[in-house]
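What follows is a single structure, written as structure tokens, with notes after it.
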Amino acid sequence: MKKITIETLLNWKELKDLEINEYQRVELIKLLNNFDINLLRKKKDILANWINYGVNGDWTERLKKLILLKNDSMSLEANILRYGEEEGKKRKAKHNKSVGLNKKNFIKKHGIKKWNEHTKKITRKTKDEYIKIYGEEEGLKKWNHYYINWKRGIEKKKESGWKNGLTQEEYIDRYGYTEGLKKWNIKNKKISKRQVKKYYIEKYGEEEGLKKWNDRYKYFNTKLSTQIELYGKEEGTKRYKMFIERMAYSNTIDYYIDKYGNELGEIYYTEYIIKCTKRNKLYSKISQKLFWMIYHNLTNNEKMKCYFGELNEEYVFYVNTTDIKIMYVDFKLEDKIIEFDGTYWHSLEESKINDKIRDNYLQSKNYKILRIKEQDFVDNNTAVVEKCLLFLREN
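Okay, structure coming up:
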């Protein structure tokens, strides 16, 4: 453990200009005897706060508790440890007012996952917190909904004897946020560990481990030809179809709810969909040429509501049907959509079928669609631009 002198500590930038009395000096020396330089360097802003706000007591114990609270650093307890009781409560109240109770600002800064974690810690405790956040009528409604579901869940778990297969949300409810997440991660780590070759070699030795791994890999090979080879044509085809259905199910919201619970399942599924839509897409130059020509003929109000690749990325629909999960459209202005059909890709039979499915879905949602063929635009781009503008402005 690398030690540090009190003089070196007080020369750090954060502590240099602070006035240290004899009591604080003694307390700092106690810290030097219990923690190494690397940890103190990371916590020097906390030391500065303790001196600034006149925090008294056993600093060694305070620092130990703060280290344990690293996943809950904005809690009331953490604020009291840093700033003392009076200042800590004041800062926590200020934080709740400025961030904790303003969903829009919090999500913008930290993301929806953090918001749900944050509100869960606040609102799962008391009825008063629900009322404080949502108002009396809505707060009581949400509290009653949560309390009934919570009681029902507890009874269900007692009846089943707390069997394995709990969702992440149930782990958190049962053990608390930090401990529940830790146990959930350990469970998942054990499961994923069994999927690798190294696990089999460590457990059974190199020769036997490799044999068991190869046998397992063969039976988990998901190619249709392998399944037919192992089980025959009829059974192999059946097993392959079951695998395809399982894979399709793993991309649905129902799968995420089964795995993580209702609340967390919806959050993780939303994040998964957003991740799927964030891609580096190359747009055909000729289609973007058409869309820029249309764009320059729009009014300022229309330009603000317009979407296409090079301007602000294509508009995305989160569909999640049997045929479509996510749908990008080439050009969108309110309820009007223009699709640019390239000569090669859209001449393929598969593309024609997909285009028809897409059009049917969009029309079912009251969107109007205009398809422009690449060759028509090449032959007479002025006429095509005029046709598009008439389509966008028709009632």
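Per numbering that gives the first Met the number 0, residue 0 is the first one in the sequence shown, and the count goes up by one each step. Glycine included, every Cβ here is placed at the ideal spot set by N, Cα and C.
Just mark residue i as buried or exposed, buried being the case when its beta carbon has 16 or more other beta carbons within 10 Å.
i	result
arginine 392	exposed
glycine 204	exposed
glycine 99	Unreliable placement is indicated for glycine 99, whose pLDDT of 49 sits below 50; the coordinate value is still reported in the next sentence. Glycine 99 is buried by the Cβ-count criterion.
isoleucine 28	exposed
glycine 260	buried
tryptophan 183	buried
threonine 381	exposed
aspartate 35	exposed
arginine 81	buried
asparagine 167	Inspection of the sequence shows that residue 167 is occupied by glutamine rather than by asparagine. Buried, because 16 or more other Cβ atoms sit within 10 Å of the Cβ of glutamine 167.
glutamine 362	exposed
isoleucine 66	exposed
isoleucine 352	exposed
valine 383	buried
glycine 87	buried
tyrosine 199	buried
tyrosine 248	exposed
serine 286	buried
asparagine 163	With a pLDDT of 46 at asparagine 163, under the threshold of 50, the predicted position of this residue should be treated as unreliable, though the coordinate-derived value follows. By the neighbour-count rule (16 or more Cβ atoms within 10 Å), asparagine 163 is not buried but exposed.
isoleucine 50	buried
valine 54	buried
leucine 8	buried
glutamate 85	exposed
glutamate 233	exposed
glutamate 428	A question about residue 428 goes unanswered here, because the residues of the chain that appear run from 0 up to 394.
leucine 281	exposed
glutamate 201	exposed
glutamate 206	exposed
glutamate 136	exposed
glutamate 26	buried
glutamate 18	exposed
lysine 124	Note that lysine 124 scores 48 on pLDDT, short of 50, meaning its location in the model is unreliable; the coordinates nonetheless yield the value given after this. Classification of lysine 124: exposed, given that the 10 Å Cβ count is below 16.
glutamate 348	exposed
Between residue i and residue j, how many whole angstroms is the CB-CB distance? I'm expecting something under 8 Å.
i	j	result
leucine 263	isoleucine 371	At roughly 43 Å, the Cβ-Cβ gap does not stay under 8 Å, so leucine 263 and isoleucine 371 are not in contact.
asparagine 37	threonine 59	Between threonine 59 and asparagine 37 the Cβ distance is about 16 Å, and since that is not below 8 Å, they are no contact.
isoleucine 368	aspartate 358	6 Å
phenylalanine 316	methionine 326	4 Å
tyrosine 366	isoleucine 336	5 Å
serine 283	glycine 341	6 Å
isoleucine 252	glutamate 265	7 Å
isoleucine 185	glycine 179	Not quite, the Cβ-Cβ distance comes to about 11 Å (not below 8 Å), so this is no contact.
isoleucine 5	leucine 31	6 Å
Taking 7 Å as the threshold (C-beta atoms), are residue j and residue i in contact?
i	j	result
arginine 61	asparagine 78	no
tyrosine 255	tyrosine 267	yes
leucine 138	tyrosine 129	The identity of residue 138 in the sequence shown is glycine, whereas the question assumes leucine. Yes. Within cutoff.
isoleucine 227	glycine 235	yes
tryptophan 212	lysine 222	no
tyrosine 396	glycine 83	For residue 396 there is no data in the structure shown, the boundaries of the chain being 0 and 394.
Hey, is residue i's beta-carbon within less than 7 Å of any beta-carbon in chain B?
i	result
glutamate 265	Of the protein chains in the structure, only one exists, and it is not chain B.
Exercise for the section: Evaluate contact between the region 260-274 and the region 283-297, counting only Cβ atoms and requiring at least three cross-stretch pairs below 8 Å. Expected result: Short answer: they don't touch.
Handout entry: the region 331-339 contacting the region 298-317, beta-carbon criterion three pairs below 8 Å
Key = Because the criterion of three Cβ pairs below 8 Å is met, the region 331-339 and the region 298-317 touch.
Handout entry: Inter-stretch contact at 8 Å, needing at least 3 Cβ pairs: the region 44-54 / the region 8-24
Key = They touch, by the three-pair rule.
Handout entry: Complete alpha helix (DSSP H) runs within the region 231-306 (minimum length 4 residues, chain order)
Key = Runs of the alpha helix (DSSP H) spanning 4 or more residues and lying entirely within the region 231-306 occur at 232-248, 252-259, 261-276, 284-294 and 299-303, in chain order.
Handout entry: Inside the region 47-93 only - alpha helix (DSSP H) runs reaching at least 4 residues
Key = Uninterrupted alpha helix (DSSP H) stretches at least 4 residues long and entirely within the region 47-93 occur at 58-67 and 75-82, given in chain order.
Practice task
Note down, one range per segment and in chain order, each beta strand (DSSP E) of at least 3 residues found wholly within the region 314-342.
Solution key: Within the region 314-342, the complete beta strand (DSSP E) runs of at least 3 residues are 314-317, 325-328, 330-332 and 335-340.
Practice task
Please go through the region 348-380 and give each complete alpha helix (DSSP H) segment of 4 or more residues, from N-terminal end onward.
Solution key: DSSP runs (the alpha helix (DSSP H)) wholly in the region 348-380: 348-363 and 373-378.
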